Structures are given as C-alpha cells and as structure tokens.
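In the UniProt record's numbering, the protein residues as written are 1 to 74. From the three backbone atoms N, C-alpha and C, an ideal C-beta is built for every residue, glycine too. As the structure is a prediction and not an experimental result, all values here were calculated from the model. This report refers to the structure that appears directly beneath it.
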C-alpha cells in the first residue's frame with residue numbers, strides 16, 4: 001500500500017540483511033483482491049472485535065485470537 005513505514009530505509013536495510021529470504025512487493029493502495037489479509041483485518045475491525053467492549057490489552061489479544069480461530073474454522 002506504499003505506506004511510508006513500509007518504504008522506510010530501515011525496512012529496506014532489514015530486508016537486505018535476510019539474504020533474499022524476504023522480498024517486498026508493492027501493491028496498489030487498498031487492493032484486497034491482491035492482498036487477502038486486508039479482508040481478514042476488515043472483518044476483525046468492522047464485524048467482530050471492533051464491535052466488542054475491550055477491557056485491557058490482554059482482553060483485546062484474546063478476542064482477536066478467538067475471532068481468528070473462528071475464521072480459520074469457517
């Protein structure tokens with residue numbers, strides 16, 4: 001999505017240290033058809049966890065994991 005954090009020099013330097021084990025591909029902004037994990041995050045934010053009351057960081061993490069497991073089982 002070309003966010004500045006994804007194009008930062010530190011990111012490029014880190015990728016270089018991996019000796020070809022990781023390659024960066026830049027996609028057009030908001031292209032869920034080419035980046036299916038966008039659909040997962042949309043589901044979590046808009047349809048499940050985003051609609052829940054969260055009482056702590058741990059509570060949030062548990063709810064995200066639970067929602068991800070439900071998606072995996074569907």
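Inter-residue CB distance, residue i and residue j (contact presumed, cutoff 8 Å)
i: residue 15; j: residue 27; result: The pair is not a contact, with the Cβ atoms about 16 Å apart (cut-off 8 Å).
Between the CA atoms of residue j and residue i - distance to the nearest angstrom
i: residue 12; j: residue 36; result: 23 Å
i: residue 58; j: residue 32; result: 29 Å
i: residue 71; j: residue 50; result: 15 Å
i: residue 7; j: residue 66; result: 32 Å
i: residue 64; j: residue 30; result: 22 Å
i: residue 56; j: residue 3; result: 28 Å
i: residue 95; j: residue 61; result: Past the edges of the chain, shown from 1 to 74, lies residue 95, and the structure says nothing about it.
i: residue 46; j: residue 5; result: 24 Å
i: residue 48; j: residue 74; result: 14 Å
Own chain partners of residue i with C-beta closer than 8 Å, once the 5 adjacent residues on each side are dropped
i: residue 68; result: 40, 44
Residues near residue i in its chain [Cβ-Cβ closer than 7 Å; skip 5 each side]
i: residue 34; result: 27
Practice task
Say whether the region 16-24 touches the region 35-45, bearing in mind that this needs 3 or more beta-carbon pairs closer than 8 Å, one atom from each stretch.
Solution key: Under the Cβ criterion (8 Å, minimum of three pairs), the region 16-24 does not count as touching the region 35-45.
Exercise for the section: Let me know the alpha helix (DSSP H) ranges lying completely inside the UniProt domain "Tc1-like transposase DDE" (1-48), each 4 residues or longer, listed in chain order. Expected result: 9-17, 37-42
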